[in-house]
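Quick note, the sequence shown lines up with residues 79 to 304 if you use this note's numbering.
Idealized CB from N, CA, C, for every residue including glycine.
As structure tokens, the structure follows; a few thoughts come after it.
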Amino acid sequence: MISIPRDLWVSVPKSKDGRHGGRDAKINAAFAWGGIPLMVQTVEKYTGVRIDHVAIIDFGGFQEIVDALGGVEIDVEQSFTSIHKPHRKFTKGPQTLDGAAALDYARERYAFRDGDFARMRHQQQLIKAVLDKAASGGLLTNPGRLNSFLRATADAVSVDETMSIFDTAADLRHLRSGNLTFLTSPNKGSGQVGSESVVLEDPQKAKALFEAVRRDAVQDVLNAGK
Numbered sequence: 079m080i081s082i083p084r085d086l087w088v089s090v091p092k093s094k095d096g097r098h099g100g101r102d103a104k105i106n107a108a109f110a111w112g113g114i115p116l117m118v119q120t121v122e123k124y125t126g127v128r129i130d131h132v133a134i135i136d137f138g139g140f141q142e143i144v145d146a147l148g149g150v151e152i153d154v155e156q157s158f159t160s161i162h163k164p165h166r167k168f169t170k171g172p173q174t175l176d177g178a179a180a181l182d183y184a185r186e187r188y189a190f191r192d193g194d195f196a197r198m199r200h201q202q203q204l205i206k207a208v209l210d211k212a213a214s215g216g217l218l219t220n221p222g223r224l225n226s227f228l229r230a231t232a233d234a235v236s237v238d239e240t241m242s243i244f245d246t247a248a249d250l251r252h253l254r255s256g257n258l259t260f261l262t263s264p265n266k267g268s269g270q271v272g273s274e275s276v277v278l279e280d281p282q283k284a285k286a287l288f289e290a291v292r293r294d295a296v297q298d299v300l301n302a303g304k
């Protein structure tokens, strides 16, 4: 699972209607300018990897899924107070978060020295926690319970018209967090382009990683980095 920093400075292609893009910008500008189609074009251009399907979950949907699981277990890396109302205080160490607290944890960046990078790290941490909770309760291996859970949370997730969330969940029912490796698109950290604060790519490392994704050989890249 690879996170791409929202401020990564990339080439945004022109949208198919020619009205947007056609210049360098932060990668999240593609979504603002041209929605899902231009976002897909941009990610495909940057990575060289074809995007087969798209799934989107908004803040409310994320909260709904965590609550449907009865909360998730998170090991908070440092104590902090959220900037979002009601300004929750998170204490370092393991704890159970309900949907609202998990959402708050996943959104926070100003409390951390590495800002957006911490936020990506926590989002990956929460995805792992959701999968662990679903697996530990037997949800993933019980077709009836899995179907009920997906129907209860179906409004929380949007997918493209060719993707079945029910079929995908069934296909991945044996997946566990221990089978996943969480990565961030290789970059050189924060920098400036003109007046904008951006994330600068590491072109050589990024090229190697995404070439490996295309060849289904990411493990080779991971082994080389050990």
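*Could you have a look at SER273 and say whether DSSP puts it in helix, strand or coil?*
Against the sequence shown, residue 273 aligns to sequence position 195. In this structure, SER273 counts as coil in the three-state DSSP scheme.
*Using DSSP with H/G/I as helix, E/B as strand and the rest coil, what is GLY193?*
Residue numbering aside, residue 193 sits at position 115 when the sequence shown is read from its first letter. Looking at GLY193 - three-state DSSP - the assignment turns out to be helix.
*Evaluate contact between the region 198-215 and the region 136-154, counting only Cβ atoms and requiring at least three cross-stretch pairs below 8 Å.*
yes
*Determine contact between the region 179-192 and the region 246-257, defined as no fewer than three beta-carbon pairs at a distance below 8 Å.*
no
*Taking contact to mean at least 3 C-beta pairs separated by less than 8 Å, is the region 275-289 in contact with the region 214-222?*
no
*Fully enclosed by the region 214-274, which alpha helix (DSSP H) runs are 4 residues long or longer?*
221-231, 243-249
*asked:* What does the Cβ neighbour count give for SER273, buried or exposed, with the cut at 16 atoms within 10 Å?
replied: The residue you call residue 273 lines up with position 195 of the sequence shown. Exposed, by the Cβ-count rule.
*asked:* What does DSSP give as the partner residue(s) for ALA103 in the beta ladder?
replied: By one-based count along the sequence shown, residue 103 stands at place 25. Beta-bridge pairing links ALA103 to VAL88.
*Roughly how many angstroms separate the alpha carbons of GLU289 and GLY126, rounded to a whole number?*
Along the sequence shown, one-based indexing puts residue 289 at 211. Along the sequence shown, one-based indexing puts residue 126 at 48. So the alpha carbons of these two residues sit roughly 8 Å apart.
*Are the beta-carbon atoms belonging to SER263 and ALA284 less than 8 Å from one another?*
Working through the sequence shown from its first residue, we reach residue 263 at position 185. Working through the sequence shown from its first residue, we reach residue 284 at position 206. Contact flag set, yes.
*Between the region 105-114 and the region 81-93, do at least 3 Cβ pairs fall closer than 8 Å?*
yes
_C-alpha distance - ILE135 paired with GLN202, whole-angstrom precision_ = Counting from 1 along the sequence shown, the entry for residue 135 is found at position 57. Counting from 1 along the sequence shown, the entry for residue 202 is found at position 124. One C-alpha to the other measures close to 14 Å.
*Applying the criterion that 16 or more other CB atoms from any shown protein chain within 10 Å of the CB defines a buried residue, is ASP95 buried or exposed?*
Taking the sequence shown and counting its residues from 1, one reaches residue 95 at position 17. Exposed, by the Cβ-count rule.
*With burial defined as no fewer than 16 other Cβ atoms inside 10 Å of the residue's Cβ, what is the status of THR120: buried or exposed?*
Within the sequence shown, numbered from 1, the residue matching residue 120 stands at position 42. That one is buried.
*Quick one, which of THR159, VAL90, ARG101 has its alpha-carbon nearest ILE114's?*
Along the sequence shown, one-based indexing puts residue 114 at 36. That would be VAL90, whose Cα lies nearest to the Cα of ILE114.
*Looking at the structure shown, is VAL150 part of a helix, part of a strand, or coil, going by DSSP?*
By one-based count along the sequence shown, residue 150 stands at place 72. Reduced to three states, the DSSP call for VAL150 is strand.
*Run the CB neighbour count on GLU142, radius 10 Å, all protein chains shown included, and call it buried at 16 or more, exposed below.*
For the purposes of this step, residue 142 is identified with residue 64 of the sequence shown, where counting begins at 1. Label assigned to GLU142: buried.
*Buried/exposed call for ARG229, threshold 16 Cβ in 10 Å*: Within the sequence shown, residue 229 is the residue found at index 151, counting from 1. Counting Cβ neighbours within 10 Å, ARG229 comes out exposed, since fewer than 16 surround it.
_If you follow the alpha helix (DSSP H) that GLY177 is in, where does it begin and where does it stop?_
Taking the first residue of the sequence shown as position 1, residue 177 is located at position 99. Run containing GLY177: 177-185, per the alpha helix (DSSP H) assignment.
*Which stretch, first to last residue, makes up the alpha helix (DSSP H) that contains ALA302?*
The count along the sequence shown starts at 1 and reaches residue 302 at position 224. 296-302 is the span of the alpha helix (DSSP H), which, as asked, contains ALA302.
*Tell me, which residues are paired with GLN173 by DSSP?*
Working through the sequence shown from its first residue, we reach residue 173 at position 95. The partner list for GLN173 (beta bridge, DSSP) reads ILE152.
_Terminal residues of the beta strand (DSSP E) in which ILE135 lies_ = Position 57 of the sequence shown, counting from 1, holds the residue named residue 135. Its beta strand (DSSP E) spans residues 133-135.
*Backbone CA spacing between PHE158 and LEU258 [nearest angstrom]*: The residue given as residue 158 occupies position 80 in the sequence shown. The residue given as residue 258 occupies position 180 in the sequence shown. Going from the Cα of PHE158 to the Cα of LEU258 covers about 28 Å.
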